[in-house]
Structures are given as C-alpha cells and as structure tokens.
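**Q** In terms of UniProt numbering, the sequence shown is numbered consecutively and its last residue is 1132.
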Amino acid sequence: YEDTTKNKWLSFEDRLRQLETGLSSHHADVVEIKQVVKQLKTSEKHKQFNFDRNILPNQDSHVQKFQELLVDQDIAGLTCPSLENNVPHSDVQMLQMYEQLRFDNPDGGVWKQGWNVQYKPEHWNRGHILKVFVVPHSHNDPGWIKTLDEYFTAQTQKILNNVLTYLQEDPSRRFIWAEISYFAMWWSELTNEQKRTAKWLIQKGQLEIVNGGWVMPDEANSHWVNMAWQLTEGHHWLHKNLNMTDFPLNGWSIDPFGLSPTTALVYKQAGLKNLVIQRVHYALKKQLALDKNLEFRWRQLWDASGKQDLLTHSEPFYSYDIPHTCGPDPKICCQFDFKRLPGYGVTCPWRIQPQKITENNVAHRADLLLDQWRKKSMLYRTRTLLVPLGDDFRWDGSAEWSAQLENYDKLFAHFRERPDLHVQAGWGTLKEYFDTLHEEMEEAAFPTLSGDFFTYADREDHYWSGYYTSRPLYKRLDRVLMHYIRSASILHAWCVLDGAADEICRDMPPLLSDARLASALFQHHDGITGTARDHVVQDYSKRMLEGLAFTRRVIQQAAFAMLSKPPRHQDFDFVYFDFITEEDSRFMSDKIRDRPTITLGHGVPIRTLVLWNSLTIDREDIMSVYVSTPYVKVYDPKDRPVRCQLSPVWLWSGGVPQVSPVKFRLTCLVKVPALSLIALAIQAAEASDNGLPSFASVNMLVDEHSPHHQVTSEHSEYPGTVTSDVQSDFTVDIALDSDGVVTQSVSFTGDGTLKSVTRPDDDPMPVHLSFAKYGARKGGERSGAYLFLPDGPAQTVQNLPGSKSVVVVVKGPLESRVQVKLPYVLHETIMRIVQSSEPKNEESTILEIRNLVDVSDTQNTELVMRIATDISSADEFFTDLNGLQIIRRKRFEKLPLQANYYPVPSAMYVQDESRRITLISGQPLGGTSPRSGTLEIMQDRRLNQDDNRGLDQGVLDNKPVLHHFKLILETRKCPGEQHGEEPANPAGYLSKEALMQRDYLLYPIDKMLYSQDGWPERMFRESSITRNPTDSFPPGKLPADIFLASVLVEKNSSSTSISTMMHKPQYDSCIKQQNDDDYNSMMNFSTLFNIRRPKSYAETTITFLKTLHESVSPSKPLRFCPMDIKAVRIDF
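(1) Say whether the region 188-204 touches the region 145-154, bearing in mind that this needs 3 or more beta-carbon pairs closer than 8 Å, one atom from each stretch.
(2) Can you list, in chain order, the residues of its chain whose CB lies under 6 Å from that of residue 256, leaving out five sequence neighbours each side?
(3) Does the region 313-323 come close enough to the region 98-106 that 3 or more CB-CB pairs lie under 8 Å?
(4) In its own chain, which residues sit with a C-beta less than 6 Å from the C-beta of residue 249, not counting the 5 before and 5 after it?
(5) Would you call the CB atoms of residue 805 and residue 927 closer than 9 Å?
(6) In this structure, how does DSSP classify residue 376 when only helix, strand and coil are distinguished?
(7) What are the start and end residues of the beta strand (DSSP E) that includes residue 296?
(8) According to the neighbour-count rule (16 or more other Cβ atoms, all chains shown, within 10 Å of its Cβ), is residue 154 buried or exposed?
(9) Compute the Euclidean distance between the alpha carbons of residue 142 and residue 684, then round it to the nearest angstrom.
(10) Of the choices 362, 1021 and 599, whose alpha-carbon is the least far from that of residue 664?
(11) In whole angstroms, what is the alpha-carbon distance linking residue 1101 and residue 269?
(12) State the Cα-Cα distance for the pair residue 594 and residue 662, rounded to the nearest angstrom.
(13) Whole angstroms are fine: how far does the CA of residue 254 sit from the CA of residue 900?
(14) For residue 47, which residues in the same chain have their Cβ closer than 6 Å to its Cβ, ignoring the five residues on either side in sequence?
(15) Measuring only the C-alpha atoms, how far is residue 514 from residue 490?
(16) Return the Cβ separation of residue 615 and residue 1003 in integer angstroms, given the expectation that the two are a contact with Cβ distance under 8 Å.
(17) Determine the DSSP secondary structure at residue 602, reduced to helix, strand or coil.
(18) For residue 221, count the other beta carbons within 10 Å of its own beta carbon; 16 or more makes it buried, fewer makes it exposed. Which is it?
(19) Ignoring anything shorter than 4 residues, give me the alpha helix (DSSP H) runs that lie fully in the region 93-177, in order along the chain.
(20) Throw me the rounded Cβ distance for the residue 498 and residue 562 pair, which I believe falls under 8 Å.
(21) How should residue 165 be labelled, buried or exposed, when 16 other C-beta atoms within 10 angstroms of its C-beta is the threshold for buried?
(22) To test your reading of the DSSP string, which unbroken alpha helix (DSSP H) runs of 4 or more residues are found completely within the region 762-845?
(23) If contacts are defined as beta-carbon pairs under 8 Å, then residue 652 and residue 821 qualify, I think. What distance do you get, rounded to the angstrom?
(24) If we ignore side chains and look at the alpha-carbon of each, how far apart do residue 1026 and residue 1088 end up?
(25) Can you grab the Cα-Cα spacing for the pair residue 97 / residue 284, in whole Å?
(26) Give the straight-line distance between the Cα atoms of residue 402 and residue 389, rounded to the nearest whole angstrom.
(27) Tell me which same chain residues have a C-beta within less than 7 Å of the C-beta of residue 224, skipping the five on either side of it?
(28) Which residues in the same chain as residue 1109 place their Cβ atom closer than 6 Å to its Cβ, once the five residues preceding and following it in sequence are excluded?
(29) From the DSSP secondary-structure annotation, give me the bridge partner or partners of residue 330.
(30) What whole-angstrom Cβ distance do residue 399 and residue 412 have, given they're in contact under 8 Å?
(31) To which residues does DSSP link residue 682 through a beta bridge?
(32) Once the 5 residues before and after residue 172 are set aside, which same chain residues still bring their CB inside 7 Å of it?
(33) Candidates 395, 394, 350 and 416: which alpha carbon is nearest residue 370's?
(34) Let me make sure I understand the geometry here. Which of 465, 894 and 878 has the alpha-carbon closest to that of residue 920?
(35) What did DSSP end up calling residue 194 once you bin it into helix, strand or coil?
(36) Could you compute how far the alpha carbon of residue 73 sits from the alpha carbon of residue 973?
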C-alpha cells in the first residue's frame, strides 16, 4: 500500500512539473496547488485522497476545480494553504532594502537625490523607439486650503469645463481625472448636451477616469473598509450616471504621504489592473531607479501565489509637478511648463523661464526635452515612458490650455517629422501608456516587490510621521462613524429582507448614502490625515456629524421595526430610542438626542434598554450605562435577572475627584446573540430589596504631601464602601470566570499607572505604563501638521511631588477601574471579568485603557503613551496596515527618531519566543518601539508653526479626545518557529483573541433607550436577522472568523439586491485557542440572511458591480481562505 501511495504522489508531482513548464501564465495557480499538496502530504487525512492521473489534464488546471475535488473527498479543511510559514518570494523586499541602504543622501547634481544619469544614443533605433505618453492631469484636493465647495466654485468647475471644451476640439487631446466627488458636483450642473459630450469623450478614450473613487484616499490612517467604500461610492456613481460598465482599470495615487499595499489589494479586488504612485522616500526611489525596479508587481506580504499582484509604476523624482516629471533636471523640465511663460504670473524658481515654441527654436527645444525624456527612460526596463503634465488645480484657465496645447503640439509635430530621433511622443492617458507597456513586456517579466512605503521623507530628515496623529479627535470620529454606517447598513438590509416594513425601509437609503459620502470624503489624504486648514477640518466634521445622526436615525427606526409584531405602524420622524453612549456623546452636540443617563424613580419605575450586536458572533460582554438611582434591577428578554454591579461616576476638578450626585455607573454582564436585538428591562427598586446589583468598593489614594490629602471619603449618595488611604503601590485581582476561582493580578504604582501583571502560577511580568512628551526642534524647519521633527528624546510626564492627583480605585465582581488625573490626560485602566473569548483563559490578560487627552494649554508638545516590558523583542516590532494586515518593522539606529515612527491604524505589538504584548487602538495614531519590549503610541500633538508643506498654519485647534485601547498580554508557543539565517517573514498576524478584541473595540454593542416608559405588548423582547421571531426556520451557525465588513441594499423596478463584503483574517497559530477549527472557512448565505429563493447569486468585485462567478444558490457555502476578501450580490 505504501508503494502504491508513493507512486501516486510521484505521478501527481510529475503532473505539477509539467504544468509549471507549460503554463507559466498560471504560476499563481501552481504555487497554490503546491501549498495544498504540501499540507496533504503531511496530513493524516491524505489517505482519503484518490490521486488519479486524470485529475489535472495538461491544459486545464484550475485551483477552484482542485478545491472542489478536495471538498468532495471530505478534507475541505486542508484546501486553504497556511500563510504563516509560506513567505512570498519577492525580488524586492522593503524591510531588507531598509537594512541594506545607508540613507546617506549625497548630492546627486541636477537630480539632487539621485545621480548624473547617462545614456548612449544608440539605445534607440528604428526597431527600438522611445514611446512617450504626455498625460495631462490636475490634482484636485477635495478639501485642504479651501473646503470642497470653495475649491469647486473657485477652480475645479472651471477645470472640468475646459476639459469638455478643449478635448472635443481635437481628437488627439487627452486628460485623466481621479476625484469623483468633484466630478459628481460638476455633472449635476451640466446640460443634457454637455453630459452627452462628456460621455462621448470618455467612451472615445480621450478622457480617462482613473481610480474612480470618491477621493484619492490617505493610505496610513484610513481603514481598509472605508478605503473600499469610497471606491464603491465612486464606481456606483459612474455606473448610475454614465452607464459605465467598463470601470477604471488604472490607479492614480500620486499625493498620499506614504503608500500601503492595502491600497493595491483594494484596487485589485475592485478590478483595477495597474497603479501609479509618487510619494516614496527619496533614498528608496534612488535604489529602485538604480536597479530599474521602479515598475514592479506589488505583492502582498502573505500572498505566496502572487494572485493579488498589481503592476505598479513609481515616478522617480521629487514631486508630481511639471518641473519634476519630464526628467532628472527640474530647471529644464520647468521650461516646458508653458503656464510659466513670461506674463502668465507663474515663474520657474531656477530663473530660466520657458520659451514659446517657434519654427526657429523648435529643434533646439525639442532636443533639450528629448534629452530629459531619454534620461528618465533609462531608469526603467522598457522604452515606454510616462510623463505626467500637471499639478495642484492646474488647467483651470483658457490661457494655460492654449499655452500648453499649442507649444506641445509643435514639439510633437517636430518629433513626427524627425524619424531619425527614434521617438514617438503625444498626448496620452494611463490606459494608453499601460497598454503599450504590456505590449512591450510581459507582466510576469516585471520584478516583484513586497512591503510598504512608510515612513515617507521628501528631503533630508523630513519624515512625514506627524500626520499619523494630527487632529486625533477627528480620526476617532472616523472610526465611530465607520461603526455606525456598518451597523445601520446591516439593520437596513434586515428591514428590507423582513418585507413587512417597506415604508420605513424606503426612507433609509438617502440617509445612509449621505453618511457614506461624508465618510468617503474624509478618507481624502488631507482629511483623515489632519492636514487641512482649521475651517476645512470643521467642514469635514460637520458632514461626519450629520452622517452620524443619519445612521443613528436608521438604526433606531430599523430596530423598532424589527422588534415590532405585525402589523407594523411606524412614524419615520418619531424618535423611538435615545442612544446611551458615554464614549462618543461629545461628538453629537445638538445633532441628535443623546441621553447618557437613564432616569428612574417612582414616576418612571421601568425603562427598556435595547442592545444591538452587529457582529456575526455571539457576544458575552460587560455593558455600562448611567442610571439616576443606585437601586435598580435588570432583567433579560426571558425575564431572568441579569448580573450587575454599581459604582460611582466621578467628576474631576483638577486632581480632585467628586462623586456625581445624580448618576451612577450600572455595569452588567450581558449576552447578545450574533446579529440580534435584545430588550433588557431596567427597573427601579428599593434599598431593602433583594437582588440588587453588587456595590463596588472605592478606595481613594492620596499623596500625603498633596493639598488634596484631606479629601473626604464620605459620599452619602453612594451606598457602597468608600475609603481613603495614603498613596502606595497596590494590586487589583481579576476573576477570569463567574465563580472567581481563577484570578490574575494587576499591580499599579502609587501614581495609578500599570506596573506589572501576575498570572496563575507565574512570576510577575513588568508592564510599566507612562506618559512622555516631545518638543519641537529649533531652526527653520520645525514640526507641523505633516512633519514630526522632535527636539530630542521624549521627557517623562508625571505629577510632581506635592501636586499629585488622587488615585481612584474601584473594585467590583464584574469589573474594576483605576482612574487618575495626570498632566494632559485623565487616565483610566479597566479590568473586566469577561476578558477572553474562552472561559478561564489563564494565558492571556486583557485590559482596557481610556485616555481623555487635552493638550490645548501646551506649546509645541507631542504627547505619547509608553508601555515597557521585559519582552526581548530587540529592535523589531509589528504594526498593522489599514486594519487589514500586519507588517514587521525594525528600529534602525542609522535613522532619526521620527523615521522609526509608523502608522498604527488599529494595532501594534512586540514579542519574543514565549510572550507577546499587543496594543489595540480604537483610533489611528502614530507609534514606534523606542527600545526592546516597549510600545509607544502618540496621543495628540500641538504645534505652533507651519512645517513648510503648503498648509501655512500650525496645529492649534486641539480639542479633548477620548482614546480607546485594549492591552493584551499573551503566551506564545511556537516550536516550529525559524530563527536561522533565512529572512524573517515580513508579515505578522494577530492572535484570534486580539482580532476579536479589535472587533469588540471598533464595533461595540449599540445601546438604545426606549423613549417611552415600559415596553409595549406588541413588541418582541428579542429578534435576530438570521431568524425572525415568527419563523420556524432554524437558525444556522454563523462562522466566527469571517468578518461581515459592509452591506449594501439596492432596489430597482424589477428586483432588490443585497451585496456584502466579507473578510477572513489569518490569525497567529502560535497563540492557541481551544475553539480553533476548520468550520469557520465556510459562509452559508441562506443562514446569514435567511433568504430562501433568490433570483440570482453571484460573487463580485468588492464594488459589487462586476460579476466574477455565478452560483445556483446561496445555500451552497462560499469557501474562505485566510486573508480572503470576497463580495457577494444576491438578487431577490
């Protein structure tokens, strides 16, 4: 039997070798099959497999068929290749390049950051001509110095009007456009005839839409779901208004301040084929240019198959403006920006102005320009050359159009008349450029590159790492709005599927659309980055707050409808629920009713609190609300008592806390099923009643040398125990189960900050939390909205002896809290009984940290939080990219401090062979690891001056911001981990626990207080999207590790469609959990949406517009492998 099996394997592998030889174009399929085979050979289940020679015919090999065969053999769990130990091959790996480069920045001559480029004229001849595509463009920021509306009125409208006028005059003319936010505004003001002309120009290929997103998004702070949504908004607008079915194929990312592979992945998943980028560190550009690697297949860190590669073109020089795009010498290129002709109001800083092209000078001027083109082309592997021609808000006047077109047309005509120059030059689009590039060289011949392009520096030590944190209040608002849009969209889909609330559902889409557009606009690379003028920031904020109010309106209306028994009678203008949100109420102002406190008493004996869980996993979680009386009882939908505790609410004045006399914190252990609504009854009680919440004990720690030493411990309003002690180190025990048998200990310094964690049968592990601040260095170049230029190492921030804050320690059976007022921050550590997704998980510690930060009284201050441990991480650490993937970082001593700062959109960690500490962030910020075992994340920055990048102001509009974090300490057991000479895997992965905690932080349970007393008889107490209360259809199990990222409902005259985008993350298998299984790689849409008889069911691009695969029924599960992003559209 063993010989027979061996022969079958040999035969199978022989077929693979044939495939690799004969089907080079199917390289990605072959790699994936080999990974599966490797798993099969090491599996006990491989004997079940029948390796027939005819499984893989010579010319028809597809991974999908192979996977279906494995499913038939009942070994579906082996079809997904492991990502952790399969490091993708790449010709260029960015972390390795960082290790090799000296970053010495020698003067390169006319190309300051490069070298003196040389070429031999014979490189071009009759058979090898230089093909030059001059691509006119105008970079239009949807908000920066002016607001979206101000820019449109002043400049953008004129630019697009001129595009329409000048392109129809001559079929050889071209233009590209990226920002659909502006295009939509312009379109709304066109006549029908002008719209027909615009469509005609697009269809002819004279006007190319590139990207097609609502904006050109930031790539450091934006969450991948929002990046995908802004692209979806733009593509849907094109589809609806231009009847576009051939969606943009080419990406254009020339201004984001650093670049992420997540963008390439999102574009690939949306159907784009190529990408142009610009802002890459000057030293990296130089090395890529030296190696002729400026055009590459951008490979994902985890994608060994290369199936997600995106062909990417990087411009080599300093900027995307005209002086830096024709060649290496800007003083020459500037002479070919004909808007700078004498008398036009714009000049060249090199003091050599353009000349109007005439018969007398055309030969000389053409030679001068061709020399630059040839030098630029020597930096690439082909003789096809891209030359962008534009800048910020260019092409806005008739004079510029005439000057550029007339003079370049004369140059192009000269080149046509001189075949001996071996150059073809003319107006072009990205499509024309990339089509010609692909004709000249097969895509497989381009090198592969993996990694990202952070942190960006445009010159010297000017690293753009400040904008990772600038204006953090609005970065936090971005994540809050992201949650509400997702939550409301799911509830809207539920409302539509239910079918009995059509009138209510019909009013929801306009509100959701406005909210999505507000979010999409803020993804702009001067929006979420915090790099716009103050009044522009306020414009973004106003739009997002309106969007937040709209989504809350949808949520409360849909929740009421889904909890109502038929027949339903509902008023869309009535407020059925008030949101109970202590966290984000500061955002709302007068936009929507928001009641943080539940009022109870003799006149109002009972109130109903509705909880909505938008995740696809059942949640057992700690929920807190404010109540007006300490004597309450809480009951679940089946009228069973809910376990709760009560503690005081603290009001801080300086360093002295006072107990609020009108509200108390009610903390309960709640269980909310996946995608479900439940109604809890909160009932007023008497002090003498049984079954009241447990009253947490309070200990107020006071510095004996402080003027607050005499603070009273008598708080008559609060019925629990309140004591007062002199400050010293203390410990809080955390129960890991409801019995309180298994405990961990968290120790604090007398100042109220973390000191260590002790787990069962283990020694204390140092976990020192502190705050520090950087100053701005002196000189002409200083920190601002973009740049982080510190004046040296950070200085520790702490209360001085004699002025120390009171430390409040609240201990209860469900949660304990430690709160202290430090300089610039009200710092709180929360320890809860329900930490982990597993009961009695002794190998992980999960703490929540909240920092209410206010630096408004400082000058040139950048505040950071540090967490120091004895983990032996050396100079390595990990940060996430856009909330989607994790990348390995390294702290380089050869680089300045600011260069070692990276974006932390949602997570960072350090680890050694046995331990890991992870910081999950509820808002995007900047961070680093300043030394072994230490995490540092910036909290806010206040800068008095501009940093000379065009904003022309400092960052002085700081407002208090409440930051949310989860700190997770975990045990690693990785016996197969490699520590040899092989390069380390550039990718990292969060543990399953950390992934879940991140979802809990970003997508909290929504809490809504029914606006009337009691709860009507016609209302359900519990309802689920996967099962209607009146439906006997049994609910199925939803996969716990597939994240439902977004939902879109669309209606037309004949049908309704529900589209969803989902993601299955890869988690770190070195941090085990008991509930790991293979089931979770399948999604059954009949289970998810309770749809029985759909008209059609298709897998689509992530914009839901292009069908990839048709399927007969949603009852057939869709397979997910780790890191898959898939979208599905169901018509019914």
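Yeah, the Cβ is synthetic: ideal placement off N, Cα and C, and Gly gets one too. Just so you know, these numbers come straight off a predicted model, no measurement behind them.
**A** In brief:
(1) Touching, no, given that fewer than three Cβ pairs across the two stretches are closer than 8 Å.
(2) Residue numbering aside, residue 256 sits at position 256 when the sequence shown is read from its first letter. Excluding positions up to five away in sequence, the list reads 218, 219 and 525.
(3) no
(4) Indexing the sequence shown from 1 puts residue 249 at position 249. Cβ neighbours of residue 249 beyond the five flanking positions: 272 and 273.
(5) Taking the sequence shown and counting its residues from 1, the one referred to as residue 805 is at position 805. Taking the sequence shown and counting its residues from 1, the one referred to as residue 927 is at position 927. Taking a C-beta distance under 9 Å as the contact criterion, residue 805 and residue 927 do not qualify as a contact pair.
(6) Working through the sequence shown from its first residue, we reach residue 376 at position 376. DSSP places residue 376 in helix when its eight states are reduced to three.
(7) In the sequence shown, residue 296 corresponds to position 296, counting from 1. Residue 296 -> beta strand (DSSP E) spans 295-299.
(8) Residue numbering aside, residue 154 sits at position 154 when the sequence shown is read from its first letter. By the 10 Å Cβ count, residue 154 comes out exposed.
(9) By one-based count along the sequence shown, residue 142 stands at place 142. By one-based count along the sequence shown, residue 684 stands at place 684. If I take the Cα positions, the gap works out to 51 Å.
(10) Against the sequence shown, residue 664 aligns to sequence position 664. Measuring from the Cα of residue 664, the nearest candidate turns out to be 599.
(11) Here residue 1101 corresponds to residue number 1101 of the sequence shown, with the count starting at 1. Here residue 269 corresponds to residue number 269 of the sequence shown, with the count starting at 1. Taking the straight line from one Cα to the other gives about 6 Å.
(12) The residue given as residue 594 occupies position 594 in the sequence shown. The residue given as residue 662 occupies position 662 in the sequence shown. The predicted model places residue 594 with a pLDDT of 49, which falls under 50 and marks its position as unreliable, so this point remains unresolved.
(13) Position 900 of the sequence shown, counted from the first residue, corresponds to residue 900. Position 254 of the sequence shown, counted from the first residue, corresponds to residue 254. Their backbone Cα atoms lie some 23 Å apart in a straight line.
(14) Within the sequence shown, the letter at position 47 stands for residue 47. In this prediction, residue 47 has a pLDDT of 44, which is less than 50 and means its spatial position is unreliable; what the coordinates show is noted afterwards. Within the same chain, residue 47 has no close Cβ partners at all.
(15) Position 514 of the sequence shown, counted from the start, is the residue given in the question as residue 514. Position 490 of the sequence shown, counted from the start, is the residue given in the question as residue 490. Near 16 Å, if we compare the C-alpha coordinates of residue 490 and residue 514.
(16) Along the sequence shown, read from residue 1 onward, the residue named residue 615 stands at position 615. Along the sequence shown, read from residue 1 onward, the residue named residue 1003 stands at position 1003. With a Cβ gap of about 6 Å, residue 615 and residue 1003 count as contacting.
(17) Translated into positions along the sequence shown, residue 602 becomes position 602. Correct three-state label for residue 602: coil.
(18) Locating residue 221 in the sequence shown gives position 221, where the first residue counts as 1. Buried.
(19) 94-100, 148-151 and 157-167
(20) As a first step, residue 498 is located in the sequence shown; it is residue number 498 there, counting from the start. As a first step, residue 562 is located in the sequence shown; it is residue number 562 there, counting from the start. Contact holds; Cβ gap of about 6 Å.
(21) Walking along the sequence shown from the start, residue 165 turns up at place 165. When all chains shown are included, residue 165 counts as exposed.
(22) none
(23) Within the sequence shown, the letter at position 652 stands for residue 652. Within the sequence shown, the letter at position 821 stands for residue 821. The Cβ separation is near 5 Å, so the contact holds.
(24) Counted from its first residue, the sequence shown places residue 1026 at position 1026. Counted from its first residue, the sequence shown places residue 1088 at position 1088. Straight-line Cα distance between these residues: approximately 6 Å.
(25) Residue numbering aside, residue 97 sits at position 97 when the sequence shown is read from its first letter. Residue numbering aside, residue 284 sits at position 284 when the sequence shown is read from its first letter. If I take the Cα positions, the gap works out to 8 Å.
(26) Sequence index remark: in the sequence shown, residue 402 carries index 402 (1-based). Sequence index remark: in the sequence shown, residue 389 carries index 389 (1-based). Here the C-alpha atom of residue 402 lies approximately 14 Å from the C-alpha atom of residue 389.
(27) As a first step, residue 224 must be located in the sequence shown, where it is residue number 224. 262, 266, 882, 883 and 884, listed in sequence order.
(28) Position 1109 of the sequence shown holds residue 1109. Closer than 6 Å at Cβ, skipping near neighbours: 1099.
(29) Position 330 of the sequence shown holds residue 330. According to DSSP, residue 330 bridges with nothing at all.
(30) Indexing the sequence shown from 1 puts residue 399 at position 399. Indexing the sequence shown from 1 puts residue 412 at position 412. Actually they are not in contact, since the Cβ atoms of residue 399 and residue 412 sit about 20 Å apart, beyond 8 Å.
(31) For the purposes of this step, residue 682 is taken as residue 682 along the sequence shown, with counting starting at 1. For residue 682, which the question treats as bridged, DSSP gives the partners 607 and 634.
(32) In the sequence shown, the residue the question calls residue 172 occupies position 172. 426 and 427, listed in sequence order.
(33) Here residue 370 refers to the residue found at position 370 of the sequence shown. It is 416.
(34) Position 920 of the sequence shown, counting from 1, holds the residue named residue 920. Closest by alpha carbon: 878.
(35) For this step, residue 194 is matched to residue 194 along the sequence shown. Looking at residue 194 - three-state DSSP - the assignment turns out to be helix.
(36) For the purposes of this step, residue 73 is identified with residue 73 of the sequence shown, where counting begins at 1. For the purposes of this step, residue 973 is identified with residue 973 of the sequence shown, where counting begins at 1. With a pLDDT of 34 at residue 73, under the threshold of 50, the modelled position of that residue is not reliable, and the figure given next carries that caveat. Straight-line spacing of the CA atoms in residue 73 and residue 973 works out to 32 Å.
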